[in-house]
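Chemist: At position 261 of the sequence shown (counting the first as 1) the number is 380 in this note's numbering, and the numbers step up by one without a gap.
Questions regarding the structure given below will be posed in turn.
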Amino acid sequence: MGIYLPIAEISVNIFVLLAMGAAVGFLSGMFGVGGGFLITPLLIFYNIPPAIAVATGANQVIASSFSGALSHVKRGTLDFKLGGVLLAGGIVGSTGGIFVFGFLRRLGQLDLFISLLYVVLLGTVGGLMLVESVNALRATRSGAAPVLKKSGQHNWIHRLPLKMRFRASKLFVSVIPVLGLGAGIGFLSSIMGVGGGFIMVPALIYLLKVPTNVVIGTSLFQIIFTSAYTTLVHATTNQTVDVMLAFLLMAGGVAGAQYGAKAGQRLRGEQLRALLALLVLAVAIRLAIDLFVTPPSLYSLSGVDPT
120 MGIYLPIAEI SVNIFVLLAM GAAVGFLSGM FGVGGGFLIT PLLIFYNIPP
170 AIAVATGANQ VIASSFSGAL SHVKRGTLDF KLGGVLLAGG IVGSTGGIFV
220 FGFLRRLGQL DLFISLLYVV LLGTVGGLML VESVNALRAT RSGAAPVLKK
270 SGQHNWIHRL PLKMRFRASK LFVSVIPVLG LGAGIGFLSS IMGVGGGFIM
320 VPALIYLLKV PTNVVIGTSL FQIIFTSAYT TLVHATTNQT VDVMLAFLLM
370 AGGVAGAQYG AKAGQRLRGE QLRALLALLV LAVAIRLAID LFVTPPSLYS
420 LSGVDPT
């Protein structure tokens, strides 16, 4: 059954979009990630214009992040102060990213920039995750205990000035890296349509040494408001948010996430990370093929008004 997307200006199959949202929701529930870094490339593969895919894909993570953050509030594992500082940086980064988004769109280089950024970022993150998960699997098979980096260990970041105490995270650290991390995630959210949790979570754990039980909820808290702000500004500034597309993706995602969460409980942590790494690398390779392989036809004709 076909449906016309007014903002994307393209007719699509409604069941394909629902299945796409369900698949990303399943993977989100299974791996514990927002799914923004998957839905945007999938929309691009389905011939949705990249500008629309980025701006609309950000909606995919808001609902799931809100639901997850609520559960962490009830458990007392959300640091509102740390999340607020991350959010302040995220708003600044998102604002800058939206201006860059509009500038590249006017130059006609937005599609190329988004694809290159996805290839580099997903290829790097996926490669690092795959190496770490394979090493963990080998250690598990050999019977060796995995070496974990514990919170409380200090590095050069903890020697920076302008320190602030975050009691819920039992952290006393400079606000400079916190603001910088939030700004970086906000920039990526506005340019790539991702929540940024797959970058923020390991950064909070390994760079700032935030306790793992606090990281997830705090990351989700920041993602909710950064993604919502990004979506709102994209809609008002660039007019690139397709409400119908967002609704269909979210409807499929809600259903898929329930089954994904059940499937994820059957696998060990290192197995989940290895599968997620392979998935991330597969998306990066697919985008790289589109970028670097010569297409069958070097020229194409779009609809032109003869008058």
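For each residue, glycine too, the CB sits at the ideal point set by N, CA and C.
This one's a predicted model, so the numbers in the text were calculated from it and none came from an experiment.
Looking at the unbroken beta strand (DSSP E) that takes in S130, where does it start and where does it end?
Modeler: First-last of the beta strand (DSSP E) with S130: I129 to N132.
Chemist: Where L326 and V253 are concerned, what is the direct C-alpha to C-alpha distance, given to the nearest angstrom?
Modeler: The straight-line gap from Cα to Cα measures roughly 22 Å.
Chemist: Would you say T359 and I126 are within 8 Å of each other, going by their C-beta atoms?
Modeler: Result yes, Cβ atoms of T359 and I126 sit closer than 8 Å.
Chemist: Would you kindly report the start and end of the unbroken alpha helix (DSSP H) that includes G103?
Modeler: An answer regarding residue 103 cannot be provided, because it is not within the stretch 120 to 426 covered by the chain.
Chemist: What is the DSSP secondary structure of V292, reduced to helix, strand or coil?
Modeler: Three-state result, V292: strand.
Chemist: Name the DSSP bridge partner or partners of R284?
Modeler: In DSSP, R284 forms a bridge with F291.
Chemist: Which whole-angstrom value is the C-beta distance of G203 and G371, which I expect to be below 8 Å?
Modeler: Between G371 and G203 the Cβ distance is about 32 Å, and since that is not below 8 Å, they are no contact.
Chemist: If I follow the unbroken alpha helix (DSSP H) through A174, where does it start and stop?
Modeler: Counting along the chain, the alpha helix (DSSP H) containing A174 begins and ends at P169 to G176.
Chemist: Which one of V402, S293 and L290 has the shortest CA to CA distance from G246?
Modeler: When each option's Cα is compared against that of G246, the closest is V402.
Chemist: Taking N132 as the reference, give the member of M120, I318, V362 and L351 with the closest Cα.
Modeler: When each option's Cα is compared against that of N132, the closest is M120.
Chemist: What span of residues does the alpha helix (DSSP H) with Y237 cover, start to end?
Modeler: Counting along the chain, the alpha helix (DSSP H) containing Y237 begins and ends at L229 to S261.
Chemist: Quick one, which of T345, L398 and V362 has its alpha-carbon nearest T490's?
Modeler: Here the chain has residues from 120 to 426 only, and residue 490 is not among them.
Chemist: Are G212 and F306 touching if we call contact CB-CB under 8 Å?
Modeler: Their beta carbons are under 8 Å apart, which means G212 touches F306 by this criterion.
Chemist: Using 8 Å as the Cβ pair cut-off and three pairs as the minimum, do the stretch 290–300 and the stretch 321–341 touch?
Modeler: Output reads yes: the stretch 321–341 touches the stretch 290–300.
Chemist: Just tell me which of A141, G242, P160 and I342 has its CA closest to the CA of M311.
Modeler: Per the Cα distances, P160.
Chemist: Nearest by alpha-carbon distance to G140: which of L124, L157 and I129 is it?
Modeler: Checking every option, the nearest Cα to that of G140 belongs to L157.
Chemist: With a Cβ-Cβ cutoff of 8 Å, do I129 and I167 count as a contact?
Modeler: A contact, by the Cβ cut-off of 8 Å.
Chemist: Given 7 Å as the limit, tell me if G375 has its C-beta closer than that to any heavy atom belonging to the ligand GTP.
Modeler: No copy of the ligand GTP occurs in the structure displayed, which carries no ligand at all.
Chemist: Following the continuous alpha helix (DSSP H) through T214, name the residue where it begins and the one where it ends.
Modeler: That run of the alpha helix (DSSP H) goes F199 to L226.
Chemist: Can you tell me whether P160 is helix, strand or coil according to DSSP?
Modeler: Of the three classes helix, strand and coil, the one that applies to P160 here is helix, per DSSP.
Chemist: What is the DSSP secondary structure of N166, counted as helix, strand or coil?
Modeler: N166 falls in the coil class under three-state DSSP.
Chemist: Using only CA atoms, which one of V362, Y348, V373 and F411 lies nearest to L208?
Modeler: The sequence shown places Gly at residue 208, rather than the Leu named in the question. Nearest option by C-alpha distance: Y348.
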